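Numbering (my numbering), first residue to last: 407 to 533. Glycine residues also receive a C-beta, built at the ideal position from the N, C-alpha and C atoms. Model, not experiment: these values are computed from the prediction. Everything below concerns the one structure shown next.
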């Protein structure tokens with residue numbers, strides 16, 4: 407019996423957003439994974455420690471962008487309306503973080519984006 411291997415592409419939005427000398431980078435830029443594997447994406451920046459907030463999004467073909475998770479150092483991740491068991495994140499320092507997609511399937515094929523944001527004291531006051 408022939409076994410069919412399903413593969414999919416993670417088209418990762420590789421960013422090199424320049425604002426002066428500030429850069430946000432996402433790696434790998436393109437990734438192929440077999441069904442059932444784990445896929446890890448990394449995001450880093452040199453914008454400074456004030457930019458401790460990181461957001462992960464995905465956009466499936468023909469669909470709107472979807473918020474996956476918000477992370478910051480020293481706090482638990484805040485997931486959007488996605489299956490929390492499907493994703494995990496690491497955010498130990500302000501300058502980088504990662505998103506892992508567990509048990510990859512064809513429905514996970516999408517463009518994945520990371521974004522960083524400066525932390526502000528007013529946000530703490532509204533918690």
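Beyond the five residues adjoining it in sequence on each side, residue 477 comes within less than 7 Å, by CB distance, of 460, 483, 495, 497 and 503 in the same chain, given in chain order.
Of the candidates 454, 506 and 481, 506 places its Cα closest to the Cα of residue 489.
Counting only runs of 3 or more residues that sit fully inside the region 485-509, the beta strand (DSSP E) segments are 493-499 and 502-507, in chain order. Taking C-beta atoms under 8 Å as the contact rule, residue 521 and residue 458 fail to qualify, at a distance of about 13 Å. Cβ atoms of residue 493 and residue 517 stay farther apart than 8 Å, at about 16 Å.
Between residue 525 and the set 515, 453 and 491, the nearest pair of CA atoms involves 453. If you draw a straight line from the Cα of residue 491 to the Cα of residue 508, it is about 8 Å long. For residue 447, the number of other beta carbons within 10 angstroms of its own is at least 16, and it is reported as buried.
Within a 10 Å sphere around the beta-carbon of residue 438 sit fewer than 16 other beta-carbons, which makes this residue exposed.
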